[in-house]
Amino acid sequence: MDFGNDQAIYLQIADLICEYILTGEWAEEERIPSVRELAVSAEVNPNTVMRSFTWLQERNIIYNRRGIGYFVAKDAKKTTRQLKKNEFINNHVPQFFKTMDLLEISFDELYKLYKQRSKT
50 MDFGNDQAIY LQIADLICEY ILTGEWAEEE RIPSVRELAV SAEVNPNTVM RSFTWLQERN
110 IIYNRRGIGY FVAKDAKKTT RQLKKNEFIN NHVPQFFKTM DLLEISFDEL YKLYKQRSKT
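Read in the numbering used here, the sequence shown has 108 at position 59, and its numbers run on one by one without any break.
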């Protein structure tokens, strides 16, 4: 896995797990790879993955069945979508609107682009 410098690695791993949940690659109540398995595949220290798992557990996206492993929580897709939506609105939309203003892009233009993109 290639990691960027703009965000802590454990958060990038958590984002990847959230993406798997949102795309349905990992279903609710399904067992997910172990800390060790994920650490090997991501080529990171298991403590980093454990930190990701803790972060996700605190947000009720995954849970641990002692002695069995970690599982995607019930309603994790809904929880993840809301979490990522809030993150997007708070972290990306303000800069997006600022850029729209600077480039004088109207909402009508944006809507047309959105409609074109959604057709493909």
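Virtual Cβ for every residue (Gly too), placed ideally from N, Cα, C.
**Prompt:** So R85 is in the alpha helix (DSSP H); what residue range does that whole segment cover?
**Reply:** Position 36 of the sequence shown, counted from the first residue, corresponds to residue 85. 84–91 is the span of the alpha helix (DSSP H), which, as asked, contains R85.
**Asked** I think V98 touches I62, with their Cβ atoms under 8 Å apart; what is that distance to the nearest whole Å?
**Response** Here residue 98 refers to the residue found at position 49 of the sequence shown. Here residue 62 refers to the residue found at position 13 of the sequence shown. Going by Cβ atoms, the distance from V98 to I62 rounds to 6 Å, so yes, they are a contact pair.
**Request:** May I ask you to list the residues that DSSP assigns as paired with R130?
**Result:** If you number the sequence shown from 1, residue 130 lands on position 81. Paired residue(s): none; R130 is not in a bridge.
**Message:** I'd like to check one pair, I110 with A122: are the Cβ atoms closer than 8 Å?
**Reply:** Taking the sequence shown and counting its residues from 1, one reaches residue 122 at position 73. Taking the sequence shown and counting its residues from 1, one reaches residue 110 at position 61. Against a cut-off of 8 Å, the Cβ pair of I110 and A122 comes out as a contact.
**Item:** Cβ-Cβ distance between A125 and E77 below 8 Å
**Value:** Position 76 of the sequence shown holds residue 125. Position 28 of the sequence shown holds residue 77. Result yes, Cβ atoms of A125 and E77 sit closer than 8 Å.
**Asked** Taking the beta strand (DSSP E) that N113 falls in, what are its first and last residues?
**Response** Locating residue 113 in the sequence shown gives position 64, counting from the first residue. From DSSP, the beta strand (DSSP E) with N113 extends over 111–114.
**Message:** Using a Cβ-Cβ cutoff of less than 8 Å, which residues in the same chain neighbour L60 once the five nearest sequence positions on both sides are dropped?
**Reply:** Translated into positions along the sequence shown, residue 60 becomes position 11. Cβ neighbours of L60 beyond the five flanking positions: S101, W104.
**Prompt:** What's the C-alpha gap between Y170 and N54?
**Reply:** With the chain running from 50 to 169 in the structure shown, residue 170 is simply not present.
**Request:** Under 7 Å Cβ to Cβ from P79, same chain only, skipping five residues before and after it: list those, please.
**Result:** In the sequence shown, the residue the question calls residue 79 occupies position 30. Here residue 79 turns out to be Glu, not Pro, going by the sequence shown. Excluding residues within five positions, the ones whose Cβ falls inside 7 Å are F120, V121.
**Item:** Alpha-carbon to alpha-carbon, K164 and P82
**Value:** Position 33 of the sequence shown, counting from 1, holds the residue named residue 82. Position 115 of the sequence shown, counting from 1, holds the residue named residue 164. In a straight line, the C-alpha of P82 is about 38 Å away from that of K164.
**Backbone CA spacing between M149 and R114 [nearest angstrom]** = Translated into the one-based positions of the sequence shown, residue 149 becomes position 100. Translated into the one-based positions of the sequence shown, residue 114 becomes position 65. Cα-Cα distance, rounded: 47 Å.
**Request:** Consult DSSP for F52 and reduce its assignment to one of helix, strand or coil.
**Result:** The residue you call residue 52 lines up with position 3 of the sequence shown. The answer is coil: DSSP assigns F52 none of H, G, I, E or B.
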